[in-house]
Amino acid sequence: MDFELSEQHLALRTMVRDFAEKELEPVVAECDEANKFPAEVVQKMGELGLLGLSFPEKYGGSGADHLSYAILFEELGRVDLGTALTVDADSTLGGFPIYTFGSEELKQKWLVPLAQGKILGCQGLTEPGGGSDTYSNTLTTAVLKDDEWVINGSKSFITNAGAPNCGFCNVAAFTGIRADGKRGISQILVPIGTPGFTVEPHLNKLGFRTSVTNDLSFDNVRVPKDNVVGVVGKGLSQFMSTLDEGRLTIAAMAVGMSQRCLELSLAYSKERVAFGQPIFSYQGIQYKLVDMAVNVEMARLLTYKSAVLEDQGKLKEFTKEVAMAKYFAAEMCKTVAADAVQIHGGYGYVKDYPLERYYRDAPLLAIGEGTSEVMRIVIARDL
Ligand SMILES: Cc1cc2nc3c(=O)[nH]c(=O)nc-3n(C[C@H](O)[C@H](O)[C@H](O)COP(=O)(O)OP(=O)(O)OC[C@H]3O[C@@H](n4cnc5c(N)ncnc54)[C@H](O)[C@@H]3O)c2cc1C
C-alpha cells in the first residue's frame with residue numbers, strides 16, 4: 598500500500614489544474630448564468646487529449662490508467678462540475694461501452710474520433726418512466742427489419758445529446774424477451790441527425806448549467822444491424838458496468854468540488870473578521886472546516902482505492918467500492934457546499950463568489966448515474 602502519487606499522476610494533476618484555472622474558470626460564471634455550453638474550452642480539451650485519456654493510443658487515446666482518469670475528473674470538478682460532466686458523458690457513457698463491448702468497426706468509426714476530441718458521445722438510458730429501475734422502464738423498442746434496427750420511444754435528461762459536435766448516442770432499447778424469460782435490452786448506437794431522431798431543446802436546470810441536457814424521441818429511426826454495441830439482449834449489464842465507470846468519475850468530481858469549497862472557506866475564514874478576530878479563531882468555524890477536511894480526504898481515499906481496484910482488474914470489488922465512493926462523496930459534497938456557503942455568510946449567497954453555484958450543482962451528484970438510494974442497494978447486495 599503506497600499513498601504517494603507517481604510523478605506521472607502528479608504531472609497530470611498539474612496540467613489539468615492549470616488548464617481548468619486558466620481556460621475554464623474565466624468563462625464558467627457567465628456560461629452558468631446564460632445556461633451556455635463552453636464549446637471552445639471543450640474543443641481545447643479535445644486538442645489536449647483530455648477527451649480520450651483512458652483509451653489506448655491505437656484508438657486515439659493516451660492509454661492512461663483509471664487513477665489518472667479519477668485525477669482528471671477531480672481537477673475538472675474542482676473548477677466546474679458541468680464541464681466535468683460533459684467529459685464524463687462523452688468519454689465514459691459514450692466511449693467506454695464502445696471500447697469495452699463494441700466491434701472493431703464501431704471502434705474505428707466512432708471511438709477514434711471521440712477519443713481525438715473530434716466528436717462527442719452520449720448515453721440514452723433514462724426514460725420518462727424512471728431512471729433507477731431501467732430493467733422495467735426501458736420501454737423504447739428496437740425491432741430488426743431488413744437488417745436494420747427500427748427504434749421507437751423516448752429518453753429523458755440525456756447529457757451532451759444537444760451539444761455542438763455530438764456525434765452519437767448509445768441508446769438502450771427493448772429487443773424482446775430472452776431465452777431465460779428476462780426482458781432483453783440492447784445497446785444500439787444511433788448517430789445524431791438520423792431521420793426520426795429528435796433532440797429536444799436544452800433543459801433549464803438548477804445546476805450543472807454549463808452542460809447540455811436534452812430529452813430525446815425516436816420515431817421509426819433506422820440504423821444498421823451492426824450498430825448494436827456488444828451482445829443483443831445483454832445490453833443492461835453493459836450499461837451497468839459503464840455506470841460503474843461513471844460512478845468513479847462522479848465520486849472524483851465530488852472530491853474536487855469539495856476540495857475547492859474547503860480551500861475557499863479556509864482562506865475566507867482567515868480574512869473575515871467578526872467581534873475583533875478572524876472567524877477562523879472561533880471553534881464553531883474550525884469544527885466545520887475540520888469536518889470538511891476529514892470528509893474530503895475520506896472521499897478521496899475511497900475514490901482512489903476504487904480506481905486502483907479497477908486498474909488491478911478486481912471488478913467485483915470495484916463495483917462495491919465505487920458505489921461506496923460515489924455515495925459517500927456525493928452526500929459529503931452536498932454538506933460541504935452548504936457549510937461553505939454558511940462560512941461565507943452573505944457572500945456565500947451571491948453570484949460574485951462561486952459558492953452559490955457549487956451549492957446548486959452539488960445535489961445532482963447524488964442523483965445522476967445512480968442515486969444515493971440506488972448506491973446503497975448496490976452496496977447492500979455485497980455486504
Ligand atoms: C442533469 C442530468 C443529467 C443526466 N444525464 C443523463 C445521461 O446522460 N444519460 C442518462 O441515461 N440519464 C441521465 N440522467 C438521468 C439520471 O441518471 C436519473 O435522473 C437518475 O438515474 C434517477 O432516475 P429518475 O430521475 O427517473 O428518478 P427515479 O428512478 O424515478 O427515482 C425517484 C426517487 O426514488 C428513489 N428510489 C427509486 N427506487 C428506489 C428504491 N428501490 N429504494 C429507495 N429509493 C428508491 C430514487 O433514489 C429517487 O430518490 C441525467 C439526469 C440529470 C438531472
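All residue numbers for the sequence shown refer to the numbering used here, where the first residue is 598 and numbers rise by one. Beta carbons are placed, not taken as given, at the ideal position from N, Cα and C, and that holds for glycine.
Original post:
Which of helix, strand or coil does DSSP assign to residue 834?
Top reply: In the sequence shown, counting from the first residue as 1, residue 834 sits at position 237. If DSSP states are grouped into helix, strand and coil, residue 834 belongs with the helices.
Original post:
What number of angstroms, rounded off, separates the C-alpha of residue 1013 from the C-alpha of residue 855?
Top reply: Nothing about residue 1013 can be reported from this structure: the residues present for the chain run from 598 to 980 only.
Original post:
Heavy atom of ligand 1 less than 7 Å from the Cβ of residue 728, yes or no?
Top reply: Here residue 728 corresponds to residue number 131 of the sequence shown, with the count starting at 1. Residue 728 Cβ: within cutoff of ligand 1.
**OP:** Consider the C-beta atom of residue 638 and the heavy atoms of ligand 1; say whether any pair is separated by less than 7 Å.
**Re:** If you number the sequence shown from 1, residue 638 lands on position 41. No, Cβ of residue 638 sits at least 7 Å from all heavy atoms of ligand 1.
**OP:** Determine the closest residue to residue 849 out of 900, 888 and 829, with distance taken between C-alpha atoms.
**Re:** Your numbering for residue 849 matches position 252 in the sequence shown. The residue with the shortest Cα to Cα distance from residue 849 is 900.
Original post:
What residue from 630, 847, 752 and 769 has the CA that sits closest to residue 813's CA?
Top reply: As a position in the sequence shown, residue 813 is number 216, starting the count at 1. Comparing Cα-Cα distances from residue 813 to each of 630, 847, 752 and 769, the minimum goes to 752.
Original post:
Cβ of residue 971 within 7 Å of any heavy atom in ligand 1?
Top reply: In the sequence shown, the residue the question calls residue 971 occupies position 374. The answer is yes for residue 971.
**OP:** Give the C-beta separation of residue 617 and residue 672 to the nearest angstrom, bearing in mind that I take them to be a contact with Cβ-Cβ under 8 Å.
**Re:** To locate residue 617, count along the sequence shown from 1; it is residue 20. To locate residue 672, count along the sequence shown from 1; it is residue 75. Right, the Cβ-Cβ distance comes to about 6 Å (below 8 Å), so this counts as a contact.
**OP:** Check whether the stretch 926–936 touches the stretch 828–840, counting contact only when three or more Cβ pairs, one atom from each stretch, lie closer than 8 Å.
**Re:** no
Subject >> Span of the beta strand (DSSP E), counted from its first residue to its last, around residue 925 >> reply: Stepping through the sequence shown from its first residue, residue 925 is reached at position 328. Counting along the chain, residue 925 falls outside any beta strand (DSSP E), though it belongs to the alpha helix (DSSP H) covering 912–940.
**OP:** Name the two residues that bound the continuous beta strand (DSSP E) containing residue 645.
**Re:** Residue 645 sits at position 48 when you count from the first residue of the sequence shown. Careful: residue 645 lies outside any beta strand (DSSP E) and carries neither H nor E.
Original post:
In whole angstroms, what separates the C-alpha of residue 959 from that of residue 935?
Top reply: If you number the sequence shown from 1, residue 959 lands on position 362. If you number the sequence shown from 1, residue 935 lands on position 338. Distance between the alpha carbons of residue 959 and residue 935 is about 9 Å.
Subject >> Cβ neighbour criterion (16 or more within 10 Å) applied to residue 611 >> reply: For the purposes of this step, residue 611 is taken as the residue at position 14 of the sequence shown. Flag for residue 611 reads exposed.
Original post:
Nearest to residue 615 by alpha carbon, out of 642, 635, 789 and 728?
Top reply: Numbered from its first residue, the sequence shown carries residue 615 at position 18. It is 642 whose Cα lies nearest to the Cα of residue 615.
Original post:
Got a sec, what are the start and stop residues for the alpha helix (DSSP H) residue 812 sits in?
Top reply: Position 215 of the sequence shown, counted from the start, is the residue given in the question as residue 812. Segment 810–821 is the beta strand (DSSP E) holding residue 812; no alpha helix (DSSP H) there.
**OP:** Please report the residue range of the alpha helix (DSSP H) in which residue 724 lies.
**Re:** Residue numbering aside, residue 724 sits at position 127 when the sequence shown is read from its first letter. For residue 724, there is no enclosing alpha helix (DSSP H), as DSSP marks it with neither H nor E.
Original post:
Is residue 711 helix, strand or coil when you go by DSSP?
Top reply: The residue given as residue 711 occupies position 114 in the sequence shown. Of the three classes helix, strand and coil, the one that applies to residue 711 here is helix, per DSSP.
Original post:
Can you pull the DSSP bridge partners for residue 783?
Top reply: By one-based count along the sequence shown, residue 783 stands at place 186. 770, per the DSSP bridge assignment.
Subject >> Whole-angstrom distance between residue 690 and residue 649, CA atom to CA atom >> reply: Taking the sequence shown and counting its residues from 1, the one referred to as residue 649 is at position 52. Taking the sequence shown and counting its residues from 1, the one referred to as residue 690 is at position 93. Using only the alpha carbons, I get a separation of about 12 Å.
Original post:
Should the stretch 729–749 be regarded as contacting the stretch 654–674, the criterion being three or more beta carbon pairs within less than 8 Å?
Top reply: no
**OP:** With hydrogens ignored, establish whether the beta-carbon of residue 883 is closer than 7 Å to any heavy atom of ligand 1.
**Re:** Locating residue 883 in the sequence shown gives position 286, counting from the first residue. No - ligand 1 has no heavy atom lying nearer than 7 Å to the Cβ of residue 883.
Subject >> Those runs of the alpha helix (DSSP H) which lie wholly inside the stretch 729–761 and span at least 4 residues >> reply: 731–734
**OP:** State the beta-bridge partners of residue 720 as determined by DSSP.
**Re:** Taking the first residue of the sequence shown as 1, we reach residue 720 at position 123. For residue 720, which the question treats as bridged, DSSP gives the partners 767.
**OP:** Would you list the residues sitting across from residue 875 in a DSSP beta bridge?
**Re:** As a working note, residue 875 is residue 278 in the sequence shown. BP columns for residue 875 point to 870.
Original post:
Cβ of residue 805 versus every heavy atom of ligand 1: is any distance shorter than 7 Å?
Top reply: Here residue 805 refers to the residue found at position 208 of the sequence shown. Yes - ligand 1 has a heavy atom lying nearer than 7 Å to the Cβ of residue 805.
Original post:
Excluding five sequence neighbours on each side, which residues of the same chain lie with their C-beta closer than 6 Å to the C-beta of residue 661?
Top reply: One-based indexing of the sequence shown puts residue 661 at position 64. Closer than 6 Å at the Cβ level, and outside the excluded window around residue 661, lie 650 and 651.
Subject >> Contacting residues, own chain, Cβ-Cβ under 8 Å from residue 889 (five flanking each side not counted) >> reply: Numbered from 1 along the sequence shown, position 292 holds the residue referred to as residue 889. Closer than 8 Å at the Cβ level, and outside the excluded window around residue 889, lie 855, 858, 859, 862, 933, 936 and 937.
Subject >> DSSP beta-bridge partners of residue 788 >> reply: Here residue 788 corresponds to residue number 191 of the sequence shown, with the count starting at 1. For residue 788, which the question treats as bridged, DSSP gives the partners 765.
Subject >> Alpha-carbon spacing of residue 873 relative to residue 627, whole angstroms >> reply: Here residue 873 corresponds to residue number 276 of the sequence shown, with the count starting at 1. Here residue 627 corresponds to residue number 30 of the sequence shown, with the count starting at 1. The straight-line gap from Cα to Cα measures roughly 36 Å.
**OP:** Please work out which residues of its chain come closer than 6 Å, Cβ to Cβ, to residue 676, disregarding the five sequence neighbours upstream and downstream, and give them in chain order.
**Re:** Here residue 676 refers to the residue found at position 79 when the sequence shown is read from its first residue. Contacts found: 617, 621 and 622.
Original post:
First and last residue of the beta strand (DSSP E) that includes residue 795?
Top reply: As a position in the sequence shown, residue 795 is number 198, starting the count at 1. Run containing residue 795: 794–796, per the beta strand (DSSP E) assignment.
**OP:** Please confirm whether residue 717 and residue 687 have their CB atoms less than 8 Å apart.
**Re:** As a first step, residue 717 is located in the sequence shown; it is residue number 120 there, counting from the start. As a first step, residue 687 is located in the sequence shown; it is residue number 90 there, counting from the start. Yes.
Original post:
Between which two residues does the alpha helix (DSSP H) carrying residue 697 extend?
Top reply: Numbered from its first residue, the sequence shown carries residue 697 at position 100. Residues 693–698.
Original post:
Within 7 Å: the Cβ of residue 621 and any heavy atom of ligand 1?
Top reply: In the sequence shown, the residue the question calls residue 621 occupies position 24. Residue 621: no, Cβ never under 7 Å from ligand 1.
**OP:** Can you tell me which of 679, 976, 604 and 646 puts its alpha carbon nearest to the alpha carbon of residue 957?
**Re:** One-based indexing of the sequence shown puts residue 957 at position 360. For residue 957, the nearest C-alpha among the options comes from 679.
**OP:** Evaluate residue 558 with the Cβ neighbour count: other Cβ atoms within 10 Å of its Cβ, from every protein chain shown; 16 or more gives buried, anything less gives exposed.
**Re:** Coverage of the chain is limited to positions 598 through 980, which leaves residue 558 absent and any answer about it impossible.
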